[in-house]
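Chains as they are written, first to last, in my numbering: chain A, 1 to 560; chain B, 1001 to 1199; chain C, 2001 to 2314.
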Amino acid sequence: MTLATFPASEPKPSWTRYFSFNTDAKVIGIQYIVLAFFFFLIGGLLAMIIRGELITPEADLVDRTVYNGIYTMHGTVMLFLFIFPVLNGLNNLLIPTMIGAPDMAFPRLNAVAFWLVPIFGVLLMSSFFVPGGPAYSGWWSYPPVSIQNPLGHLISGQGLWLTAVALSGVSSIMGAVNFVTTIIRMRAPGMGWFRMPVFCWTALAAQSLQLIGLPSLTGGAIMLLMDLVAGTTFYDPAGGGDPVLYQHFFWFYSHPAVYVIILPVFGVFSELFPVYARKPLFGYVYVALASFIIVGLGLIVWVHHMFPSGVAEWMRNLFMFTTMLIAVPTGVKVFAWLGTLWRGKLRLTTPMLFCLGGLFNFVFAGITGIMLATVPIDLHVSNTYFVVGHFHYVIYGAAVMGIFAAIYHWFPKFIGRMPYEGLGKLHFLLTFVGANLNFLPMHPLGLMGMPRRVSSYDPEFAFWNVLASLGAFLLGVSIIPFLLNMVSAWVRGPKATHNPWNAIGLEWLLPSPPAEDNFGEHVPVVISRPYGYGLGQPLVEHQAEIEQALTLAEQQETAR
Amino acid sequence: MTSAYPAPDAESQHAEAHEKHNLTGFIIFLCSESVIFLAFFSGYALLKTSALDWLPPGVEGLEWRMPLINSVVLVSSSGTIYLAERAMARGSLWGFRAFWLLTMALGGYFLYGQAVEWSSLQFGFTSGTFGGTFYLLTGFHGLHVATGVGLMTLMLIKSFIPGNYSGGEQGVQATSLFWHFVDVIWIILFVLIYVWQRS
Amino acid sequence: MTPSPAQGPRFSPLSVVALLGWVALLIALSLWMGQQAYHWLPVQASTAAPLVDGLFSFETAVGTFVFGGVISVMVWVMVMHRAEKYDASDAEPIEGNTRLEIIWTAIPFVLVMAIAVYAMRVNTTLGMLGPMEHIHLRSSVEEAGGYAGDRLPAEQVEVIARQWSWEFRYPGADVSTTELHLQVDEPVTFRLVSEDVLHGFFIPAFRLKQDIVPGRAIDLNVTPTREGRYRLRDSQFSGTWFAANQVDVVVESAEAHQAWLAAAARQPLQSGISDASREYAQRGQSSKAGWATVPPAPPPQVNVPGSNTLPHDG
């Protein structure tokens, strides 16, 4: 068979491609990630205002309506404009390269899905400038309060919010169809299901959840929009409607949504621990399958967000059972990672530190999760800062840290340069300390009875709030070494070889950065299971020749 | 980076693989789309069973005979679209166009029938949850029927482009799948709204 | 929970003892944390509180053990299983261990099921998760009859939540107030209604919370067990002055309660507590710009306004 040859030089593609309608998944991936971090900064700024307000008990920083709009937009931006896009960015970069495909199944659909994001992003941001201000009832938008529309205008912050979320749903479904088709249909020869990297398994699981769950949110949101602008009464008791119905529609999607967020991060951990422990992933098959058990269970737990809502007691008990069960496949993964680390040869690089820190935070969050699943406890802490602490531990403490780990790990591959270790470790330290300082105090606050979404609170809550705010400001600072690192490494970092981490995987058999069509027609045949550290087997046929060709090309490049 | 240009038969292999991708992707999309109908259906059922007075004042029930005729028309159109596909598989392009056009006509009649029914109703979109869910369900479904007719129009036009269907008919397959989907949704909707009229 | 090491050389007696010692330490720490957990919660002022706190303490102890175990492994591994500085070679290729997989699937499964069963028992004992009664309100509370006395058992308090105030009515005594008074050790049923949007009826010291859904009346039972003054907070986001929608609950002896009711019945109606109304009135004069808001409902007209600025116990 013909091998891919790697010509020493090629004309460098223009940077303007990142601002165009480009169908290369690797370009789209970078577009998603950079755009997502732009919105991360906006969401972060909103968080600083929130914590600035909450550093004192009184509502003295901003007007209460402003506070409510800000906390609502903080959550909405962070979810729909940061975390889902950044994960789609990782999917775009990693899925085709990890499975040996030249691109995604539907490249133009891919680009359309991306370009919807800045569109609905602008739409959402514009809601700050309409007369009534942005949506103000939290990212949940529970009726009736969310559609009270004090000014009565047709174009309201809430209406813009609903439209933006609907567009986000369209974009996500497009992406999901693409990712699922790609994974099912475009794997390299020899890559059966159980030779596929775990990241692809978790991506498949997560995107399946998007496909099944998103339409429920869309349906509920359409009905809410109709209640808001068309005078229907789906959720208005005066017209025979039921506010709790919205909650079912909302959470039927939004609970699986949290698995959409964490599953790829589980995938990242599963990819990185073997590399930086030089050891195979422990129980690879179980880790892969556990992803789908999580999918199944994840679809039947949504009422745990509604325990105090006014649902029947049998529902509370049933959903308590199903929710607790999710701890089991999740535990399988956690123990698998520990098994991978055990007796490994650990290298505490920046990506590894972020994974370890993420795992630490995740286990803590898992425990508070069990507490929240327990109905009598939840009836006390639901809608308090205990919940806010829990989910920020998962989202920031685990998911965001996992995303940072992924970025540091795959930056050399897709940008072609090495990020700076010193800045990376500083970033990790500030993030780990900042996140724990910010979110740990929220647990005693919730237990003591401080509700969430409040613009003011009783003085006895002041101490922990001050600590939390200090942690938040530290987190704000922590982003600086990250941005510095990304920008300077991109522009003038040391050039990366094709496999700086000495990792096993198809993407590491491509040059850094890969050509537009990755392996093109010359996809290597996969001949062994993934994560074969210490087993001394090649991953693909003719691996030695491929490595040789890559090294030769790099040497020629350096000689230039 | 590839060195050699792909060979011609590799290219048609590539195209064939891509066809399968397209159909896979479309099927996945349809599965997802069905969930939004499921959401609306469950909303309808929940609101209906928990309502004290489900029907708006002055409304005794829904007239079901005309919608039943409409349903027969729509279900038949699934039959005709199947026949159209069969004709195409046999290579009979004009046979395909004939059945295809018939399907479009039946779909168009369905939409007409829906509009006539809507105009004859004594309640509106804002007449309580009954009115809201009725128009939401039938309207959203009608939108899909209209989309289906639109897709069929597109495919019909494409069928006049020479050589268009010699290699494959994935557009026709997808459109046909969509049409069957719309049909099944209607059957469920009909049972839910017109058959199940007492609580 | 520390996973037992898969394979490898036999462990020396010393390391077995050390491991057991560490586990014992973790257990002691977990039990201690379980005790500490009680301090993180408000005073126990209802029959529900000890049950909820006991469950929470149990989960804290178990959680500490699990967390401690996982972290111990992580720290051990980070310290003892590090690659040598210039060692780029791979570690032992251990790909898995089916027996271990079974163990660490079965034990968590049993553990979470045990916790779930314990929690269900507490649910049943609590008894306050009673049946909900749907009463569909088509018009304002007054017009719907305002709950005529004969429809409610004697010890029932009607709770009317509004944007942004709380009104409590004692139909038996024909008393209304914005400071909830309850008799210690006496079961009471709240009938929760909202005139506008979702609210949350949350009394941390009682460990109870129930969303108030417009269009329904929801019954909630509780038995206060400790005299004192406690906070009642709105817990389901209800709009602009959601955070300010807080009042007090006073639990008092039987005599004090009867005396209060009697005195209250003699008071004329006056404006009750509504911090939102006060802030709304001052809104024009503030320098802080804001967006549009739903105006607050006027303060409820009650016999006894009470206060929400006195020190509270929890």
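Just so it is clear, CB atoms sit at the ideal spot from N, CA and C, and this is done for glycine as well.
Because the structure is a prediction, the values reported are computed rather than measured.
Query raised in the report: Going by beta carbon distance, what residues of the same chain come within less than 7 Å of A:Y385, once the five residues before and after it are set aside?
Result: Position 385 of the first sequence, counted from the start, is the residue given in the question as residue 385 of chain A. Only M442, L445, G446, M450 and R452 meet the Cβ criterion.
Query raised in the report: Taking buried to mean at least 16 other C-beta atoms within 10 Å of its own C-beta, is C:V2302 buried or exposed?
Result: Locating residue 2302 of chain C in the third sequence gives position 302, where the first residue counts as 1. So C:V2302 ends up on the buried side.
Requested in this report: Indicate whether A:I33 and A:Y18 have their beta-carbon atoms separated by less than 8 Å.
Outcome: In the first sequence, counting from the first residue as 1, residue 33 of chain A sits at position 33. In the first sequence, counting from the first residue as 1, residue 18 of chain A sits at position 18. No, the Cβ-Cβ distance between A:I33 and A:Y18 is not below 8 Å.
Requested in this report: Report yes if the C-beta distance between A:A113 and A:G175 is below 8 Å; otherwise report no.
Outcome: Here residue 113 of chain A is taken as the residue at index 113 of the first sequence, counted from 1. Here residue 175 of chain A is taken as the residue at index 175 of the first sequence, counted from 1. A contact, by the Cβ cut-off of 8 Å.
Query raised in the report: Counting Cβ pairs closer than 8 Å, one from the segment 357-371 of chain A and one from the segment 418-436 of chain A, do we hit at least three?
Result: Short answer: they touch.
Query raised in the report: Applying a beta-carbon distance threshold of less than 9 Å, which residues of chain A neighbour C:G2063?
Result: Numbered from its first residue, the third sequence carries residue 2063 of chain C at position 63. Result: F364, G366, I367, T368, I370 and M371.
Query - A:K279 burial status per 10 Å Cβ neighbour count (16 or more: buried) - result: Position 279 of the first sequence, counted from the first residue, corresponds to residue 279 of chain A. Burial of A:K279 is indicated by the presence of at least 16 other C-beta atoms within 10 angstroms of its C-beta.
Requested in this report: Inspect the CB distances between the segment 288-296 of chain A and the segment 370-381 of chain A and report whether three or more fall short of 8 Å.
Outcome: Contact between the segment 288-296 of chain A and the segment 370-381 of chain A is absent: fewer than three C-beta pairs spanning the two stretches fall below 8 Å.
**Report entry** Min CB distance A:R108 to chain B below 8 Å
**Finding:** To locate residue 108 of chain A, count along the first sequence from 1; it is residue 108. So, not an interface residue.
Query raised in the report: Among C:K2085, C:M2078, C:D2196 and C:T2047, which one has its Cα closest to the Cα of C:T2125?
Result: Counted from its first residue, the third sequence places residue 2125 of chain C at position 125. The shortest C-alpha separation from C:T2125 is found at C:T2047.
Query - chain A contact for C:M2033 (CB, 8 Å cutoff) - result: Residue numbering aside, residue 2033 of chain C sits at position 33 when the third sequence is read from its first letter. It does not; no Cβ of chain A falls within 8 Å.
Report task. Determine, using beta carbons only, whether A:E507 and A:L94 come nearer to each other than 8 Å. Result -> Indexing the first sequence from 1 puts residue 507 of chain A at position 507. Indexing the first sequence from 1 puts residue 94 of chain A at position 94. Taking 8 Å as the Cβ cut-off, A:E507 and A:L94 qualify as a contacting pair.
Report task. Assuming A:N178 contacts A:A105 (C-beta within less than 8 Å), just tell me the rounded distance between them. Result -> Numbered from its first residue, the first sequence carries residue 178 of chain A at position 178. Numbered from its first residue, the first sequence carries residue 105 of chain A at position 105. Yes, they are in contact, since the Cβ atoms of A:N178 and A:A105 sit about 6 Å apart, within 8 Å.
Query - Any chain A beta carbon closer than 8 Å to C:L2129 - result: To locate residue 2129 of chain C, count along the third sequence from 1; it is residue 129. With a pLDDT of 38 at C:L2129, under the threshold of 50, the modelled position of this residue cannot be trusted; read the value that follows with caution. Judged by the 8 Å Cβ criterion, C:L2129 is in contact with chain A.
**Report entry** Partner residues on chain B for A:A230, Cβ-Cβ distance less than 8 Å
**Finding:** Here residue 230 of chain A refers to the residue found at position 230 when the first sequence is read from its first residue. In chain order: F1125 and T1126.
Query - A:T551: first and last residue of the uninterrupted alpha helix (DSSP H) it sits in - result: Translated into positions along the first sequence, residue 551 of chain A becomes position 551. The continuous alpha helix (DSSP H) containing A:T551 extends over residues Q543 to A559.
**Report entry** Inter-residue spacing [alpha-carbon to alpha-carbon] between C:S2072 and C:I2115
**Finding:** Reading the third sequence from its first residue, position 72 is the one you call residue 2072 of chain C. Reading the third sequence from its first residue, position 115 is the one you call residue 2115 of chain C. In this structure, the CA atom of C:S2072 is about 24 Å from the CA atom of C:I2115.
**Report entry** Selection from A:L353, A:N383, A:L348 and A:F391 that minimises the alpha carbon distance to A:T368
**Finding:** Here residue 368 of chain A is taken as the residue at index 368 of the first sequence, counted from 1. Nearest Cα to A:T368 within the set A:L353, A:N383, A:L348 and A:F391: A:F391.
Report task. Show which residues of chain B have a CB atom less than 9 Å away from the CB atom of A:L167. Result -> Here residue 167 of chain A refers to the residue found at position 167 of the first sequence. Result: empty, since nearest Cβ-Cβ is about 15 Å, beyond 9 Å.
Query raised in the report: Thinking just about the alpha-carbon of each residue, which of C:I2103, C:Q2035 and C:G2068 is nearest to the one in C:F2056?
Result: As a working note, residue 2056 of chain C is residue 56 in the third sequence. Minimum Cα distance to C:F2056 is reached at C:Q2035.
Query raised in the report: Are C:V1973 and C:A2045 close, meaning C-beta to C-beta below 8 Å?
Result: Outside the shown range of chain C, which is 2001 to 2314, sits residue 1973 of chain C, and nothing can be said about it.
Query raised in the report: In whole angstroms, what separates the C-alpha of A:N125 from that of A:I49?
Result: Reading the first sequence from its first residue, position 125 is the one you call residue 125 of chain A. Reading the first sequence from its first residue, position 49 is the one you call residue 49 of chain A. Per the sequence shown, residue 125 of chain A should be read as Met rather than Asn. Straight-line Cα distance between these residues: approximately 16 Å.
Report task. Could you say if the segment 144-153 of chain A and the segment 2191-2208 of chain C meet the contact criterion of at least three C-beta pairs nearer than 8 Å? Result -> Yes: the two stretches touch, three or more of their Cβ pairs being nearer than 8 Å.
**Report entry** Extent of the continuous beta strand (DSSP E) run through C:T2189
**Finding:** Taking the third sequence and counting its residues from 1, the one referred to as residue 2189 of chain C is at position 189. Per DSSP, C:T2189 is one residue of the beta strand (DSSP E) stretching across V2188 to S2194.
Requested in this report: Just the chain C side, please: which residues come within less than 9 Å of A:M320 by C-beta, in chain order?
Outcome: On the first sequence, position 320 is the one that residue 320 of chain A refers to. Result: A2116, A2119, M2120 and N2123.
Query - Which listed residue (A:W490, A:E271 and A:F428) has its alpha carbon closest to that of A:V477 - result: In the first sequence, counting from the first residue as 1, residue 477 of chain A sits at position 477. Selected option, being the one with the closest Cα: A:F428.
Query raised in the report: Are any of the Cβ atoms in chain A nearer than 8 Å to that of B:A1039?
Result: Residue numbering aside, residue 1039 of chain B sits at position 39 when the second sequence is read from its first letter. Proximity of B:A1039 to chain A, defined by a Cβ-Cβ separation below 8 Å, is satisfied.
Query raised in the report: With burial defined as no fewer than 16 other Cβ atoms inside 10 Å of the residue's Cβ, what is the status of C:F2341: buried or exposed?
Result: Lying before the first or after the last residue shown, residue 2341 of chain C is absent from chain C, which here runs from 2001 to 2314.
Query raised in the report: Can you tell me whether DSSP reads A:I407 as helix, strand or coil?
Result: As a working mapping, residue 407 of chain A is identified with position 407 in the first sequence. DSSP places A:I407 in helix when its eight states are reduced to three.
**Report entry** Continuous beta strand (DSSP E) assignments of at least 3 residues falling wholly in the segment 2189-2242 of chain C
**Finding:** At a cut-off of 3 residues, the continuous stretches assigned as beta strand (DSSP E) that sit fully inside the segment 2189-2242 of chain C are 2199-2203, 2208-2212, 2218-2222 and 2228-2234.
Query raised in the report: Counting pairs of beta carbons, one from the segment 398-405 of chain A and one from the segment 330-347 of chain A, are three or more of them closer than 8 Å?
Result: No: fewer than three Cβ pairs fall under 8 Å.
Query raised in the report: Would you say C:E2095 reaches chain A, if we count a Cβ-Cβ gap shorter than 8 Å as a contact?
Result: Along the third sequence, read from residue 1 onward, the residue named residue 2095 of chain C stands at position 95. At a cut-off of 8 Å between C-beta atoms, C:E2095 counts as an interface residue with respect to chain A.
Query raised in the report: Would B:Y1112 be called buried (16 or more neighbouring beta carbons within 10 Å of its own) or exposed?
Result: Within the second sequence, numbered from 1, the residue matching residue 1112 of chain B stands at position 112. Taking all protein chains shown into account, B:Y1112 has fewer than 16 neighbouring C-beta atoms within 10 Å of its C-beta and is therefore exposed.
**Report entry** Element boundaries [alpha helix (DSSP H), containing C:R2099]
**Finding:** As a working mapping, residue 2099 of chain C is identified with position 99 in the third sequence. Element bounds for C:R2099: T2098 to L2126.
Report task. Just tell me which of C:V2070, C:D2185 and C:H2039 has its CA closest to the CA of A:F364. Result -> Along the first sequence, one-based indexing puts residue 364 of chain A at 364. That would be C:V2070, whose Cα lies nearest to the Cα of A:F364.
Query - Per-residue DSSP class, three states only, for C:W2166 - result: Walking along the third sequence from the start, residue 2166 of chain C turns up at place 166. DSSP places C:W2166 in the strand class (E or B) of the three-state scheme.
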